[in-house]
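Visitor: Just dropping this structure here.
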Amino acid sequence: MPSVEIAPAPISGAGARDRGAVTVEAAFGICALAVVFALAVGGLCAVIGQLRCTDAAVEAARLVARGSQPQATGAVERLAPHGAKLAVSIVGDQITVEVSAPFPGGFLPGDWLRSTALAVLEPGAGAPKPGGPP
């Protein structure tokens, strides 16, 4: 007996307009999930970077107040995110230290993360040079 192939019936009417809609919706949904995940990871990295800047600023302020400005620069290099900058200002016996760093991953230009710490110069500590590291 000869074999007979039956061609699928053409889709017409309302079903023809919806053909592939589920595929497109799934693609949009997956893309949206990927964007949300990337934003969440970026936000988490920014929070961690901000906390690292704060830790570095507090430690640097403490070290500068004790008269150990070179050690403060080393502490910022160890504790702060990559590319962080240290700025020290002294007014009377009050020391202000600011640590600023770029956004993690370098996606955005400029220094987006910034933290400031204050300390009082300890008695007997030599006055450090204002304006930053030597």
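Residues in the sequence shown are numbered consecutively from 627, following my numbering.
Virtual Cβ for every residue (Gly too), placed ideally from N, Cα, C.
1. For D719, name the three-state secondary structure that DSSP assigns.
2. What is the DSSP secondary structure of A672, counted as helix, strand or coil?
3. If contacts are defined as beta-carbon pairs under 8 Å, then P728 and D737 qualify, I think. What distance do you get, rounded to the angstrom?
4. Rounded to a whole number of angstroms, what is the C-alpha to C-alpha distance between A743 and G732?
5. Which same chain residues end up closer than 6 Å to T680 when comparing Cβ atoms and leaving out the 5 residues on each side of it in sequence?
6. Where does R688 fall in DSSP's three states?
7. Provide the residue span of the beta strand (DSSP E) that contains A743, from first to last.
8. How is the alpha helix (DSSP H) around P696 delimited, first residue to last?
9. Between L689 and E651, what straight-line distance do the alpha-carbon atoms span, to the nearest angstrom?
10. Am I right that V702 and A686 are in contact with their C-beta atoms under 8 Å? What's the rounded C-beta distance?
11. When you compare each of P749, A751, A745 and G750 to V684 by their alpha carbons, which one comes out closest?
12. Would you mind giving the Cβ-Cβ distance between P735 and C671, rounded to the nearest angstrom? I have them listed as a contact below 8 Å.
13. Using only the alpha-carbon positions, how far apart do G655 and A647 sit?
14. Buried or exposed: V717, going by 16 or more other Cβ atoms within 10 Å of its Cβ?
Guide: From the atom records:
1. Three-state result, D719: coil.
2. DSSP places A672 in helix when its eight states are reduced to three.
3. Contact flag correct, Cβ pair sits at about 6 Å.
4. Straight-line Cα distance between these residues: approximately 25 Å.
5. These residues qualify, in order along the chain: S741.
6. In the displayed model, R688 falls within a helix according to three-state DSSP.
7. That run of the beta strand (DSSP E) goes D737 to V746.
8. Q695 to L705 is the extent of the alpha helix (DSSP H) around P696.
9. Distance between the alpha carbons of L689 and E651: 57 Å.
10. At roughly 5 Å, the Cβ-Cβ gap stays under 8 Å, so V702 and A686 are in contact.
11. Here the closest residue by C-alpha is A745.
12. Contact between P735 and C671 is ruled out by a C-beta separation of about 16 Å, above the 8 Å threshold.
13. Between G655 and A647, the C-alpha separation is close to 12 Å.
14. Per the 10 Å Cβ criterion, exposed.
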